[in-house]
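Residue numbers (the UniProt record's numbering): 1 to 301.
Following: one structure in structure tokens, then a few remarks.
Quick look at the structure:
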């Protein structure tokens, strides 16, 4: 680890010098552009050339819908900016591929021929924004379950299904962005960058799994919401602990993370079924938050 002093220049601007060895290794010169990923407690820098458009050419071995859907989802999460699929296609196939692309955030068909279909990602989102939206969806699912049970209103629970689909789409986008960052780390980079990406992968998976469990719970509840009134206090507490665990993760707050872990462990003692699994995953988010906070505080010394 290297330590550099922050310098004040011009009375209002700050500057940090970059290691000459890093500049040389990346063949950088004065005027070259660098990409900055700004987070709460750290900034990741890499040469802009590392973010060049990545393309993939594939020949599709099968054209049935279930295989095509799984195949395209897998290609999407690899972080490719442009995907060219080659084969012998009819209009029905192109329609099916268009339906699949509709569920891949930012991915659009830009060219469709009988022997080649080209998909391109037309928008990118910062990974932290994807995680934040996933967190918001999970919190809303908790709230809808609580309200649906209290009001004995199955319609509230139908919204949980829609949010679960959104969570699935955002999770795929999170994995895609994580894979893109891992590719950028092929450039000279600090080990902390890799740990950051691995941490976000664990958290995004936990968020998606929580959404799936809340959806499964909503299916049970929808038959007779009032029969699940005894679960409301657990849902309220689970929502509170989840939001605290995620806030500890984004804010790198070790004490808040410790509080969330302890609260999740207490929740495990009274929860059952899907909500027991949810509390275990919430504890997992808290543990990632705790380790992240400790690591970043140690790096500051």
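The beta carbon of each residue, even a glycine, is placed where N, CA and C say it ideally should be.
- From which residue to which residue does the alpha helix (DSSP H) around residue 268 run? According to the DSSP assignment, residue 268 belongs to the alpha helix (DSSP H) that extends over 254-270.
- Message: I believe residue 84 touches residue 55 by the beta-carbon criterion, under 8 Å. Please report the beta-carbon distance rounded to the nearest angstrom.
- Response: Confirmed, Cβ separation roughly 7 Å.
- Message: In this structure, how does DSSP classify residue 106 when only helix, strand and coil are distinguished?
- Response: Coil.
- Item | Residue interval of the beta strand (DSSP E) (run including residue 21) | From DSSP, residue 21 is part of no beta strand (DSSP E) but of the alpha helix (DSSP H) over 20-25.
- DSSP three-state assignment for residue 229, whether helix, strand or coil: Reduced to three states, the DSSP call for residue 229 is helix.
- Message: Need the endpoints of the beta strand (DSSP E) that residue 83 sits in, please.
- Response: Start and end: 82-86.
- Query: Counting contacts by CB-CB distance shorter than 7 Å, is residue 230 in contact with chain C?
  - Reply: Protein chain content of the structure displayed is limited to a single chain, and chain C is not contained in it.
- Item | residue 167 beta carbon less than 7 Å from that of residue 204 | No, they are not a contact pair.
- Residues bridged to residue 47 (per DSSP): Partner(s): 34.
- Message: I'd like the span of the alpha helix (DSSP H) that includes residue 68, first residue to last.
- Response: Taken as a continuous stretch (DSSP letters only), the alpha helix (DSSP H) holding residue 68 covers 65-77.
- Query: Hey, how far is the Cα of residue 200 from the Cα of residue 178?
  - Reply: Between the alpha carbons of residue 200 and residue 178 lies a gap of roughly 8 Å.
- Message: Under 8 Å: do the stretch 262-272 and the stretch 226-239 share three or more Cβ pairs, one atom per stretch?
- Response: The stretch 262-272 makes contact with the stretch 226-239: 3 or more CB pairs, one atom from each, lie closer than 8 Å.
- Query: Can residue 138 and residue 215 be called in contact, C-beta distance under 7 Å?
  - Reply: No Cβ-Cβ contact shorter than 7 Å links residue 138 with residue 215.
- CA-CA distance, residue 165 and residue 2? Cα to Cα, the separation comes out at about 44 Å.
- Query: Any idea what DSSP makes of residue 144, helix, strand or coil?
  - Reply: Here DSSP, grouped into helix, strand and coil, assigns residue 144 to helix.
- Message: Just to confirm the assignment, what range does the beta strand (DSSP E) spanning residue 9 have?
- Response: Residues 7-9.
- Hey, out of 115, 196, 284, 18, whose CA is closest to residue 42's CA? Of the candidates 115, 196, 284, 18, the one whose C-alpha sits nearest the C-alpha of residue 42 is 196.
- Message: Mapping the DSSP letters down to three states, classify residue 139 as helix, strand or coil.
- Response: Three-state DSSP puts residue 139 in a helix.
- Message: Here's a check: name, in chain order, each residue in its chain whose Cβ is nearer than 6 Å to the Cβ of residue 156, leaving out the five neighbours to either side.
- Response: For residue 156, the CB contacts under 6 Å within the same chain, skipping 5 residues up- and downstream, are 144, 147, 148 in chain order.
- Task: Would you kindly work out how many angstroms separate the C-alpha atoms of residue 101 and residue 254, rounded to a whole number?
- Result: In this structure, the alpha-carbon of residue 101 lies about 40 Å from that of residue 254.
- Item | Cβ neighbours of residue 368 in the same chain (closer than 8 Å, five flanking residues each side left out) | In the structure as shown, the chain starts at 1 and stops at 301, and residue 368 therefore has no counterpart that could be examined.
- Cα separation between residue 104 and residue 76? Residue 104 and residue 76 have their alpha carbons spaced roughly 7 Å apart.
- Between the CA atoms of residue 286 and residue 4 - distance to the nearest angstrom: Taking the straight line joining both Cα atoms gives about 31 Å.
- Task: Quick one: residues in its chain with C-beta nearer than 6 Å to the C-beta of residue 181, no 5 flanking neighbours on either side, listed in chain order?
- Result: The residues are 197.
- residue 276 to residue 162 span [Cα, whole Å]: The straight-line gap from Cα to Cα measures roughly 23 Å.
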